[in-house]
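In full-length UniProt numbering, the protein residues as written are 1 to 244. No residue lacks a Cβ here, since even glycine has one placed at the ideal position from N, Cα and C. Since this is a predicted model, take the numbers as computed values, not measurements.
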Amino acid sequence: MRVTFLGTGSAMPTGERFQTGVLVQEEGRTLLIDCGSGVLHRLQQSGVGYENVSTVLLTHHHLDHVADLLPLMKARWLAGEDHLEIVGPQGTKSLVDELLAVHEYMQGKLDLQLREVHPGEFSVAGFDVSAYETRHSLPCLAYRFGDLFTFSGDSEAFAGLANFAEESAILAHDCSFPDDVDVSNHPTPDTLGRELAGREIGRVYLTHLYPHTDGRHEEMLESIGTHYDGDVRFAEDLQTVSIE
Ligand SMILES: [Zn+2]
Ligand SMILES: [Zn+2]
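In structure tokens form, the structure reads like this:
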């Protein structure tokens, strides 16, 4: 399996990190998780291209995870790709319907398949996926792909999510802010480190980074390392991780 971070930023721009998008590929299958602002460009830069993404799996409906959905639809339509499947938590159908109601001229351009999923097991784009409800300001699902990859979506750090991710080869986890930012709905390195403590995880990548984290990576890793002694790194846009 190959996981490519297309966007490792969040709702406030850093100038370098685009909003959330993660590409999961295995044996010819391709799945895009989330489609925030900038992801359409990153898809192009990644060499995969928007033409090769026919399924999008959403963690939740915040703008920084869905902003490029309509641009993706339009680009696919212009390129002669006539379909797109959009899968996400409850409310995904009405989200897409309402986006299309605002941009009426996009209605009927693509053969859209909309599907809502719930915590538990399902299959998407040929991948078997487990979903787990996170702790965030909107309903949000974390996704796990067998023993290989878990993506936290947006979430506070908490034991249930750490249990869900345990024994993944790779975990990509929201780590939006450094410790001195008073935050809810997202973790800080301290809270994340405490919940990861003692877990068996191959490697953790930190993502969903606000500009507050710029220049503070060392101290953030040290803070996590106070509690958790595993391999923790910062994800970067367009970085690909191969998982065996
Ligand atoms: Zn969010
Ligand atoms: Zn977000």
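Nearest in C-alpha terms to Leu-32, of all of Arg-17, Thr-59 and Ser-10, is Thr-59.
The Cβ-Cβ distance between Val-22 and Phe-5 falls below 8 Å. For Phe-164, the enclosing alpha helix (DSSP H) starts and ends at 159-165. At a threshold of 7 Å, Leu-206 does not count as near ligand 1, since its beta carbon sits no closer than that to any of the ligand's heavy atoms.
The beta carbon of Leu-70 sits closer than 7 Å to the beta carbons of Leu-99, His-103 and Met-106 from its chain, once the five residues preceding and following it are set aside; these are given in chain order. Beta bridge pairing from DSSP links Glu-16 with no other residue. Annotation for Leu-32: the continuous beta strand (DSSP E) segment containing it runs 29-33. When DSSP states are grouped into helix, strand and coil, Glu-156 belongs to the coil group.
Looking from the CA of Leu-114, the closest CA among Gly-91, Leu-43 and His-65 belongs to Gly-91.
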